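A.B. asks:
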Amino acid sequence: MADQILLGTRKGTLILDRKGGRWTPRAIAHPGVSISYAASDPRDGTMWVAMDHAHWGPKLSRSKDEGRTWENLTQIAYPKGARFVEQHLPTPDENPAADRPTTYKQAALLKVWVLGFAGPDQPGTIHAGTLPGGLFTSDDGGDHWELNRSLWNHESRGGDLSAGEATSRNQWGGTPAAIAYGEFVPGIHSIIVDPRDSKHIIIGVSSAGVMETRDGGRTWSGCNRGMLNDYLPNPEAEWGHDPHFVTHCPAAPDRLWQQNHCGVFTSDDGARSWKRVSRPELGVHFGFPIVGDDHDPLTAWVVPAKADDERMSVDGGLFVARTRDGGSSWETFREGLPQQHAYDVVYRHALDARGDRVCFGSTTGNVYVSEDRGETWRCVGNHFPPVHSVRFA
Amino acid sequence: MPHVTLTRHLQRFFPTLVAGDVPGATVREVIDELERRHPGLASYIVNETGGLRRHVNVFVGDEPLRDREHLSDALADHDKIFILQALSGG
């Protein structure tokens, strides 16, 4: 059972230790620095933190002594010539539909959004999903990072733009999560490495959809069959989807879960097809995070939010929903969670489960833990900084 | 030789960083020399395209840097350079 939780918060990294039945936070690490993601590498216990310095740019930090000391690493950098098709955010003076020539921009790292660890068959291999939409891989434990060129040059992004003009239509939209950086660019927020074969990787892209490689990143293809897109004229369009988070059941990796802008989706065939399993009448539809059970492919949890036009807890009451039958039905649990004047939203990386334990943290700085598979909850603290990520170590 | 003053906040990451004379005919050359003296420092001031980070300001005397993209502003021998956090970033 996991006895440590890593929190990536707006103001630093918090490690919670479970001692004597209580979860106790240590002194904050990286104080004052916004942390977009914090997680522990299950292969060797190295703790990884993606720092999002407001002034000094995104940087990685790691600890090889369970969080006692931290080492700042060389920055992930986009190589010269890594260009992308510029997109335009709709603003009062910017009409996104206006006819304008295609323009290109040299990529610079805006944010490390998520980290994904390969399995024991690829020791030292770590992946990083970033804004503006590049996937980076390190094969030496994080000392050096390389942009995955075949994904960057994929036909869904216009092809190889280092050589000149786009040769295909760019299908990757911008993510609202990029607007804080003054740009409207895509981002990779989900990285799933198949425990049976680390060359099989599935990623979630905002806003494009789900993609996979089966050859270690040499070739990529879209995996969006069955996805529904309520904000496009053609809801079954191949691209333009907005997965908020994509994950799987580690013991049955062909079972995938996706909390999407347009509902909760699941796949039981390794992302070859998706099925919407929302239950709007129960409030289970919109939200950001989703987590699957370690062992049971039919069990998953979500923390729903009130539709995209509000993005806060439903009717002022916070609840967690769980399915135990692959999404056919959902139970909702409220015991131990605030039911009045709760305006918390739980970000895409801020829910995790390990064994019987489930934990989530909110933008309002509240962190809750369940030790009975999400049925009852206990507050660990109400005054943390806004929580960006929650991961059991 | 130009004289460079840096925000004390950078000392958190580079404890030996102090104000001092740094040779360079342009701001770019000064940043390159600072990087040589303190490996990794440049990535806090500029991004991988070489452009000044959005929420970092560089002043030459009282004047803000003109060329934020290439840092080509020319320097005179006794110019004073300030590398600071922009208010916009926090």
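For the record, the sequence lines run as chains A and B. For what it's worth, this note's numbering labels the leading residue of the first sequence as 1, then goes sequentially. For what it's worth, this note's numbering labels the leading residue of the second sequence as 394, then goes sequentially. Ideal Cβ positions, reconstructed from N, Cα and C, are used throughout, including at glycine. All figures in this text were calculated on a predicted structure; none of them were measured in a lab.
Using the Cβ count rule (16 or more neighbours within 10 Å means buried), how would you classify A/Asn-382?
C.D. replies: The residue given as residue 382 of chain A occupies position 382 in the first sequence. Exposed: under 16 other Cβ atoms inside 10 Å.
A.B. asks: For the pair the segment 9-20 of chain A and the segment 397-404 of chain B, tell me if three or more CB-CB distances fall below 8 Å.
C.D. replies: Because the criterion of three Cβ pairs below 8 Å is not met, the segment 9-20 of chain A and the segment 397-404 of chain B do not touch.
A.B. asks: Considering only C-alpha positions, which residue in the set A/Gly-226, A/Val-320 and A/Met-227 is nearest to A/Arg-378?
C.D. replies: Position 378 of the first sequence, counted from the first residue, corresponds to residue 378 of chain A. Per the Cα distances, A/Val-320.
A.B. asks: Three or more beta-carbon pairs under 8 Å between the segment 420-429 of chain B and the segment 21-36 of chain A, yes or no?
C.D. replies: Contact between the segment 420-429 of chain B and the segment 21-36 of chain A is absent, because fewer than three Cβ pairs lie under 8 Å.
A.B. asks: Chain A partners of B/Thr-442, CB-CB under 7 Å?
C.D. replies: Your numbering for residue 442 of chain B matches position 49 in the second sequence. The contacting residues are Gln-106 and Ala-108.
A.B. asks: Mind listing the chain A neighbours of B/Gln-478? Cutoff is C-beta to C-beta under 9 Å, in chain order.
C.D. replies: If you number the second sequence from 1, residue 478 of chain B lands on position 85. What B/Gln-478 touches in chain A: Ala-54, His-55 and Trp-56.
A.B. asks: Starting from the Cα of B/Arg-446, find the closest Cα among A/Leu-110, A/Ile-28, A/Met-47 and A/Leu-60 and give me that residue.
C.D. replies: Here residue 446 of chain B is taken as the residue at index 53 of the second sequence, counted from 1. Here the closest residue by C-alpha is A/Leu-110.
A.B. asks: The ligand ATP and B/Val-451: does any heavy atom of the ligand fall closer than 7 Å to the residue's C-beta?
C.D. replies: In the structure on display, the ligand ATP does not appear, and there are no ligands present to speak of.
A.B. asks: Compare the C-beta of A/Ala-77 against all C-beta atoms of chain B and say whether one is closer than 8 Å.
C.D. replies: As a working mapping, residue 77 of chain A is identified with position 77 in the first sequence. Yes, A/Ala-77 lies at the interface with chain B (some Cβ there is under 8 Å from its Cβ).
A.B. asks: By Cβ distance, which residues of its chain are closer than 6 Å to A/Gly-359, with the 5 residues on each side in sequence left out?
C.D. replies: Within the first sequence, numbered from 1, the residue matching residue 359 of chain A stands at position 359. The question names Gly, but residue 359 of chain A is Cys in the sequence shown. Within the same chain, A/Cys-359 has close Cβ partners Ile-5, Asp-352, Val-369 and Val-390.
A.B. asks: Starting from B/Arg-459, find everything on chain A with Cβ-Cβ shorter than 8 Å and list it in chain order.
C.D. replies: Here residue 459 of chain B refers to the residue found at position 66 when the second sequence is read from its first residue. Per Cβ cutoff of 8 Å: no residues; B/Arg-459 is ~20 Å from chain A at best.
A.B. asks: Would you kindly work out how many angstroms separate the C-alpha atoms of B/Asp-414 and B/Met-394, rounded to a whole number?
C.D. replies: In the second sequence, the residue the question calls residue 414 of chain B occupies position 21. In the second sequence, the residue the question calls residue 394 of chain B occupies position 1. Rounded to whole angstroms, B/Asp-414 to B/Met-394 spans 6 Å at the Cα level.
A.B. asks: In the segment 142-218 of chain A, which residue ranges form an unbroken beta strand (DSSP E) of at least 3 residues, counting only runs that do not cross its ends?
C.D. replies: Complete beta strand (DSSP E) runs here, min 3: 187-193, 201-206 and 209-213.
A.B. asks: Ends of the alpha helix (DSSP H) at B/Ser-436?
C.D. replies: Along the second sequence, read from residue 1 onward, the residue named residue 436 of chain B stands at position 43. Run containing B/Ser-436: 435-438, per the alpha helix (DSSP H) assignment.
A.B. asks: Assign B/Pro-432 to one of two classes, buried (16 or more other C-beta atoms within 10 Å of its C-beta) or exposed (fewer than that).
C.D. replies: Here residue 432 of chain B refers to the residue found at position 39 of the second sequence. With fewer than 16 other Cβ atoms within 10 Å, it is exposed.
A.B. asks: Closest to A/Gln-258 by C-alpha separation, out of A/Met-312, A/Glu-238, A/Gly-327 and A/Thr-219, would be which residue?
C.D. replies: Taking the first sequence and counting its residues from 1, the one referred to as residue 258 of chain A is at position 258. Cα-wise, what sits closest to A/Gln-258 is A/Gly-327.
A.B. asks: Shorter than 8 Å from the beta carbon of B/Phe-452 to some beta carbon of chain A?
C.D. replies: Counted from its first residue, the second sequence places residue 452 of chain B at position 59. Taking Cβ atoms only, chain A never reaches closer than 8 Å to B/Phe-452, which makes this a no.
A.B. asks: Is the segment 238-251 of chain A in contact with the segment 189-204 of chain A, if contact means three or more CB pairs nearer than 8 Å?
C.D. replies: Touching, yes.
A.B. asks: For A/Ala-305, which residues in the same chain have their Cβ closer than 8 Å to its Cβ, ignoring the five residues on either side in sequence?
C.D. replies: Your numbering for residue 305 of chain A matches position 305 in the first sequence. Here the set comprises Phe-286, Gly-287, Phe-288, Arg-311, Met-312, Ser-313, Val-314, Val-345 and Val-346.
A.B. asks: Mapping the DSSP letters down to three states, classify B/Pro-395 as helix, strand or coil.
C.D. replies: Residue mapping note: residue 395 of chain B aligns to position 2 of the second sequence, counting from 1. Looking at B/Pro-395 - three-state DSSP - the assignment turns out to be coil, as it is neither helix nor strand.
A.B. asks: Output yes or no for whether 8 Å exceeds the beta carbon distance between A/Gly-133 and A/Val-185.
C.D. replies: Along the first sequence, one-based indexing puts residue 133 of chain A at 133. Along the first sequence, one-based indexing puts residue 185 of chain A at 185. Their beta carbons are under 8 Å apart, which means A/Gly-133 touches A/Val-185 by this criterion.
A.B. asks: Interface residues of chain A around B/Phe-407 at Cβ under 7 Å?
C.D. replies: On the second sequence, residue 407 of chain B is found 14 positions in, with the first residue counted as 1. What B/Phe-407 touches in chain A: nothing, since even the nearest Cβ is about 10 Å away.
A.B. asks: Going by alpha carbons, who is nearest to B/Ala-418 out of B/Asp-466, B/Pro-408 and B/Val-439?
C.D. replies: For the purposes of this step, residue 418 of chain B is identified with residue 25 of the second sequence, where counting begins at 1. The option with the nearest alpha carbon to B/Ala-418 is B/Asp-466.
A.B. asks: Is the Cβ of B/Ser-436 closer than 8 Å to any Cβ of chain A?
C.D. replies: If you number the second sequence from 1, residue 436 of chain B lands on position 43. Yes, its Cβ sits closer than 8 Å to a Cβ of chain A.
A.B. asks: DSSP state of A/Glu-375, grouped into three classes?
C.D. replies: Numbered from its first residue, the first sequence carries residue 375 of chain A at position 375. DSSP places A/Glu-375 in coil when its eight states are reduced to three.
A.B. asks: What does B/Gly-417 touch in chain A if you count any residue whose Cβ is under 9 Å from its own?
C.D. replies: Taking the first residue of the second sequence as position 1, residue 417 of chain B is located at position 24. Those within 9 Å of B/Gly-417 in chain A number zero; the least Cβ separation is about 21 Å.
A.B. asks: Can you tell me whether DSSP reads A/Pro-280 as helix, strand or coil?
C.D. replies: Locating residue 280 of chain A in the first sequence gives position 280, counting from the first residue. Reduced to three states, the DSSP call for A/Pro-280 is helix.
A.B. asks: When DSSP labels each residue in this structure, what does A/Ala-307 get in the three-state scheme?
C.D. replies: As a first step, residue 307 of chain A must be located in the first sequence, where it is residue number 307. A/Ala-307: helix per DSSP, three-state reduction.
A.B. asks: Going by DSSP in three states, A/Gly-287 sits in which element: helix, strand or coil?
C.D. replies: As a position in the first sequence, residue 287 of chain A is number 287, starting the count at 1. Strand.
A.B. asks: Kindly list, in the order they appear in chain A, the residues whose Cβ is closer than 7 Å to that of B/Val-449.
C.D. replies: In the second sequence, counting from the first residue as 1, residue 449 of chain B sits at position 56. In chain order: His-55.
A.B. asks: Are the C-beta of B/Arg-429 and some C-beta of chain A separated by less than 8 Å?
C.D. replies: Locating residue 429 of chain B in the second sequence gives position 36, where the first residue counts as 1. Judged by the 8 Å Cβ criterion, B/Arg-429 is not in contact with chain A.
A.B. asks: Determine the chain B residues that contact A/Gly-182 at a beta-carbon separation under 8 Å, and present them in chain order.
C.D. replies: Here residue 182 of chain A refers to the residue found at position 182 when the first sequence is read from its first residue. Chain B residues near A/Gly-182: Arg-447.
A.B. asks: Would the segment 120-127 of chain A and the segment 171-179 of chain A be scored as touching if the rule is three or more Cβ pairs under 8 Å?
C.D. replies: Too few Cβ pairs lie closer than 8 Å, so no.
A.B. asks: Does any C-beta atom of chain B lie closer than 8 Å to the C-beta of A/Asn-229?
C.D. replies: Mapped onto the first sequence, residue 229 of chain A falls at position 229. Output row for A/Asn-229: interface = no.
A.B. asks: Buried or exposed: A/Leu-232, going by 16 or more other Cβ atoms within 10 Å of its Cβ?
C.D. replies: Translated into the one-based positions of the first sequence, residue 232 of chain A becomes position 232. That one is exposed.
A.B. asks: Going by beta carbon distance, what residues of the same chain come within less than 7 Å of A/Thr-69, once the five residues before and after it are set aside?
C.D. replies: As a working note, residue 69 of chain A is residue 69 in the first sequence. If we look at A/Thr-69 and ignore the five residues flanking it on each side, its Cβ neighbours are Ser-63.
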